[in-house]
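Student: Would you mind keeping the following structure in view while I ask a few things?
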Amino acid sequence: MKYIYKISIFCAVLMLSFSSCDKDFLQKTPLDQGSVEGFFETSEDVVRAINGIYDVFQGDIWGGAFYWYNHNFDILTDNGVGCCPWEGQFSTIAEGTHNAGTGGIINNKWDFGYEGIFRANSVLENIGNVNLDPATETLYIAEVRFLRSLIYQEMVNLFGDVPLVLKVLTREEGLAATRTPKSEVLAQIYSDLDFAEANLGTTPTNGDIGRPTKQSAIAVKARLKMYNKDWAGAAAEAKKIMDMSAANPDLIGLVDNYADVFSPTNENNKEVLFDVQFTGGTQGEGNYLQVALAPGPEGTPGSGWGSNTPTDQLANAFYMKDGLPSDESPLFDADNPYENREERLYANLLIPGVSMWRGKVFDSALSGFSPFFAIRKWVDPAATIGEDGCSCNETNLILYRYADILMIYAESMNELNGPTEDVYAALNQVVTRAGLPAIESGLSKDEMREVIHHERHVEFPWEGTRYFDLIRWGKAADIIPIVTLFGESLDDRVFDPAKHTLWPIPQKELDLNPNLTQNPGY
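With mature numbering (1 follows the signal peptide of the UniProt record, and there is no 0) applied, the sequence shown covers -22 to -1, 1 to 500.
Here it is as structure tokens:
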């Protein structure tokens, strides 16, 4: 059951006030004081306020959200190219020409991030004033601390040091905030997630699909520790979920067919550990990925702009069915280079002359802005385009899934101890699910590292992980600039590790607050 409710909550960064369909704080308290006095009176008020945090993750196609255009992180990599200036300035970032005034996704991550943090802190400060039984109060606090940590982990990945705000600030406090060292922010994130893990159940609160679970909190910790090269910590967190899967494989585990993980008819399946919920047909709640990514022509069922183009590098990364690269496999046919590939290719990309789309062989003339390949993941050929360009697609945005847990465990254990049997066992669950033969033993630690890097590349396209993977592996400067589209090279990609590892602090924030410092190079 979908549970996301729209709550009108307006705010300015760090200093905001709640409003809702039932209660209007803008009439009760000054906006610039960040007060929510008079709102938290009943348990229903608490639930509405918590739902308002989730609202930050959604958003309409133009207005933005914290996870706005999450798939577009792949056009910052060798996976894709963006067509259009309206797509959050991702292409500007890919070209390395972004700066503190670029706006777009840079401002969105900052603004919506602190909007969500304000909402979370408001609940945490005021929930004690509502007469809840202790068990329910603890459960709600765990949920809110999870959501706050989810926002902060994304912000430290992008910006590094950020202001760590754990209470509702006055205007004066907000304008004087300073950046907190990343290590301190990470410590708070882990504290919040530990609390969530200890107090959330393995199924969503009250059966509300989309709320976090114990395994959601562990998954965020596992990936964040991996990103920060805490290999032992990442492996330990991943192993917790693997053990939970072994104990209850119907609750947590891999879906048998890779494409079914993302099917709109199989949402909230056992592989999903946390996702952003969407409902169709409502501006701001429908998943706009359909209209952005699906092939054209726009206006016919299931069609869209085709506004991201997958690259040759991504298409060619998928091995042949026999598990060999195309240049080593007898299955490869130069006249039909994308036939006989592993199934993840066809679940992620539409291939001209090969893939089926809406009952017909896909033709690149239908690709919209993308003249070659198109994206298959996240789109539904049965969906329609709704009013004002809002997609009617209800497909949820998956942020964490069990395949990532297995890959986190394999990578972390390999970095710790080399390719042990445990590494092969975890990795091969992902490999064989894709229909490929298992990776055979005998690899060195370095060889296994490259196998794992490859598997992450072909397992997670358009899920927003490749950009962060390339940066943490130290490969971004070598890989990001090398992009071709059907053999034509693009020469406008730049990644300077000294500058581009972090994004700039938005200029509008520096103008408001002289205590904020800028990241190197900007």
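Backbone N, C-alpha and C fix where the C-beta goes; we use that ideal spot for every residue, glycine too.
Expressed to the nearest angstrom, what Euclidean distance is found between the alpha-carbon atoms of residue 80 and residue 67?
Tutor: Counting from one through the sequence shown, the residue named residue 80 turns up at place 102. Counting from one through the sequence shown, the residue named residue 67 turns up at place 89. One C-alpha to the other measures close to 7 Å.
Student: Kindly indicate the opening and closing residues of the alpha helix (DSSP H) around residue 427.
Tutor: Mapped onto the sequence shown, residue 427 falls at position 449. Its alpha helix (DSSP H) spans residues 423 to 437.
Student: Is residue 184 near residue 256, with beta carbons less than 7 Å apart?
Tutor: Reading the sequence shown from its first residue, position 206 is the one you call residue 184. Reading the sequence shown from its first residue, position 278 is the one you call residue 256. It is not a contact, given that the beta carbons lie outside the stated cut-off.
Student: Sorted by chain position, which residues of the same chain lie with C-beta nearer than 8 Å to residue 488's C-beta, five sequence neighbours on each side aside?
Tutor: Residue 488 sits at position 510 when you count from the first residue of the sequence shown. Same-chain partners within the cutoff: 78, 494, 496.
Student: Taking only the alpha-carbon atoms, compute the straight-line gap between residue 299 and residue 171 and give it to the nearest angstrom.
Tutor: Stepping through the sequence shown from its first residue, residue 299 is reached at position 321. Stepping through the sequence shown from its first residue, residue 171 is reached at position 193. Each residue's Cα considered, the two are about 40 Å apart.
Student: Looking only at its own chain, which residues have a Cβ that is under 8 Å from the Cβ of residue 451, when we skip the five neighbours before and after it?
Tutor: Start at 1 with the first residue of the sequence shown, and residue 451 comes out as number 473. Cβ within range, chain order: 431.
Student: Just the C-alpha distance for residue 94 and residue 238, rounded to the nearest angstrom, thanks.
Tutor: For the purposes of this step, residue 94 is taken as residue 116 along the sequence shown, with counting starting at 1. For the purposes of this step, residue 238 is taken as residue 260 along the sequence shown, with counting starting at 1. When rounded, the distance between both Cα atoms is 31 Å.
Student: Assign residue 223 to one of two classes, buried (16 or more other C-beta atoms within 10 Å of its C-beta) or exposed (fewer than that).
Tutor: If you number the sequence shown from 1, residue 223 lands on position 245. Per the 10 Å Cβ criterion, buried.
Student: Sort out for me which residues DSSP pairs residue 468 with in a bridge.
Tutor: Working through the sequence shown from its first residue, we reach residue 468 at position 490. Answer by DSSP bridge pairing, in chain order: 461.
Student: What three-state label does DSSP hand residue 336 in the structure shown?
Tutor: Translated into positions along the sequence shown, residue 336 becomes position 358. Of the three classes helix, strand and coil, the one that applies to residue 336 here is coil, per DSSP.
Student: Would the stretch 52 to 62 and the stretch 283 to 290 be scored as touching if the rule is three or more Cβ pairs under 8 Å?
Tutor: Flag = yes, the stretch 52 to 62 and the stretch 283 to 290 touch.
Student: Touch check for the stretch 130 to 141 and the stretch 105 to 121: three-plus C-beta pairs under 8 Å?
Tutor: The stretch 130 to 141, when compared against the stretch 105 to 121, does not touch it at the 8 Å Cβ threshold.
Student: Please classify residue 420 as buried or exposed, where buried requires at least 16 neighbouring CB atoms within 10 angstroms.
Tutor: Your numbering for residue 420 matches position 442 in the sequence shown. Label assigned to residue 420: exposed.
Student: Quick check: the stretch 171 to 180 against the stretch 91 to 109, are at least 3 beta-carbon pairs closer than 8 Å?
Tutor: Short answer: they don't touch.
Student: Check whether the stretch 320 to 327 and the stretch 477 to 485 touch, using three or more Cβ-Cβ pairs below 8 Å as the test.
Tutor: No: fewer than three Cβ pairs fall under 8 Å.
Student: Determine the contact status of residue 231 and residue 218, defining contact as a CB-CB distance below 7 Å.
Tutor: Position 253 of the sequence shown, counted from the start, is the residue given in the question as residue 231. Position 240 of the sequence shown, counted from the start, is the residue given in the question as residue 218. It is not a contact, given that the beta carbons lie outside the stated cut-off.
Student: Can you find at least 3 beta carbon pairs, one from the stretch 379 to 398 and one from the stretch 193 to 204, that sit closer than 8 Å?
Tutor: With a cut-off of 8 Å, the stretch 193 to 204 and the stretch 379 to 398 count as touching, because enough Cβ pairs lie within range.
Student: How many angstroms separate the CA atom of residue 531 from the CA atom of residue 490?
Tutor: In the structure displayed, the chain extends from -22 to 500; residue 531 sits before or after that span and is not available.
Student: Pull the bridge partners of residue 352 from the DSSP assignment, please.
Tutor: Here residue 352 refers to the residue found at position 374 of the sequence shown. Its beta-bridge partners are 328.
Student: Please return the same chain residues whose Cβ sits closer than 7 Å to the Cβ of residue 46, not counting the five positions on each side in sequence.
Tutor: To locate residue 46, count along the sequence shown from 1; it is residue 68. Correct list, in chain order: 37, 66, 83, 86.
Student: Quick one: which unbroken alpha helix (DSSP H) runs of 4-plus residues sit fully inside the stretch 180 to 256? Chain order, please.
Tutor: Here the runs fully enclosed are 192 to 205, 209 to 225.
Student: How many angstroms separate the CA atom of residue 111 from the CA atom of residue 272?
Tutor: Counted from its first residue, the sequence shown places residue 111 at position 133. Counted from its first residue, the sequence shown places residue 272 at position 294. Taking the straight line from one Cα to the other gives about 47 Å.
Student: Hey, residue 98 and residue 31 are a contact pair by Cβ (cut 8 Å); roughly how many whole angstroms apart?
Tutor: Along the sequence shown, read from residue 1 onward, the residue named residue 98 stands at position 120. Along the sequence shown, read from residue 1 onward, the residue named residue 31 stands at position 53. Right, the Cβ-Cβ distance comes to about 6 Å (below 8 Å), so this counts as a contact.
Student: Can you tell which of 196, 33, 408, 76 has the C-alpha that lies nearest to the C-alpha of residue 212?
Tutor: Within the sequence shown, residue 212 is the residue found at index 234, counting from 1. Taking only the C-alpha atoms, the option nearest residue 212 is 196.
Student: Is residue 412 near residue 321, with beta carbons less than 7 Å apart?
Tutor: Translated into positions along the sequence shown, residue 412 becomes position 434. Translated into positions along the sequence shown, residue 321 becomes position 343. Closer than 7 Å, so yes.
Student: If contacts are defined as beta-carbon pairs under 8 Å, then residue 242 and residue 372 qualify, I think. What distance do you get, rounded to the angstrom?
Tutor: Counting from 1 along the sequence shown, the entry for residue 242 is found at position 264. Counting from 1 along the sequence shown, the entry for residue 372 is found at position 394. At roughly 6 Å, the Cβ-Cβ gap stays under 8 Å, so residue 242 and residue 372 are in contact.
Student: What residues match up with residue 59 in a beta bridge as DSSP calls it?
Tutor: On the sequence shown, residue 59 is found 81 positions in, with the first residue counted as 1. Partner(s): 287.
Student: Taking residue 471 and residue 458 to be in contact with their CB atoms under 8 Å, please state how far apart those CB atoms are, rounded to whole angstroms.
Tutor: Within the sequence shown, numbered from 1, the residue matching residue 471 stands at position 493. Within the sequence shown, numbered from 1, the residue matching residue 458 stands at position 480. About 5 Å separates the two Cβ atoms, so the contact holds.
Student: Terminal residues of the continuous alpha helix (DSSP H) containing residue 178?
Tutor: Within the sequence shown, residue 178 is the residue found at index 200, counting from 1. Taken as a continuous stretch (DSSP letters only), residue 178 belongs to no alpha helix (DSSP H), as it is neither H nor E.
Student: Rounded to whole angstroms, what's the CA-CA distance from residue 282 to residue 159? Just pull it up for me.
Tutor: To locate residue 282, count along the sequence shown from 1; it is residue 304. To locate residue 159, count along the sequence shown from 1; it is residue 181. The straight-line gap from Cα to Cα measures roughly 43 Å.
Student: Within its chain, find whatever has a CB closer than 6 Å to the CB of residue -21; leave out the 5 residues flanking it on each side and keep chain order.
Tutor: Here residue -21 corresponds to residue number 2 of the sequence shown, with the count starting at 1. Any answer about residue -21 is weak, because its pLDDT of 40 lies below 50 and its placement is not dependable; what the coordinates show is given next. Hits under 6 Å: 255, 257.
Student: In angstroms with no decimal places, state the Cα-to-Cα distance between residue 429 and residue 204.
Tutor: The residue you call residue 429 lines up with position 451 of the sequence shown. The residue you call residue 204 lines up with position 226 of the sequence shown. C-alpha separation (whole angstroms): 17 Å.
Student: In chain order, which continuous runs of the alpha helix (DSSP H) of length 4 or greater are located wholly inside the stretch 134 to 179?
Tutor: Qualifying alpha helix (DSSP H) stretches, in chain order: 149 to 153, 160 to 177.
Student: Would the beta-carbon of residue 190 fall within 7 Å of that of residue 124?
Tutor: Indexing the sequence shown from 1 puts residue 190 at position 212. Indexing the sequence shown from 1 puts residue 124 at position 146. Against a cut-off of 7 Å, the Cβ pair of residue 124 and residue 190 comes out as a contact.
Student: In whole angstroms, give me the CA-to-CA distance for residue 317 and residue 498.
Tutor: Here residue 317 is taken as the residue at index 339 of the sequence shown, counted from 1. Here residue 498 is taken as the residue at index 520 of the sequence shown, counted from 1. Those two C-alpha atoms are separated by around 46 Å.
Student: Quick check: is the beta carbon of residue 443 nearer than 7 Å to any beta carbon in chain B?
Tutor: Going by chain labels, chain B is absent from the structure shown, which holds only one protein chain.
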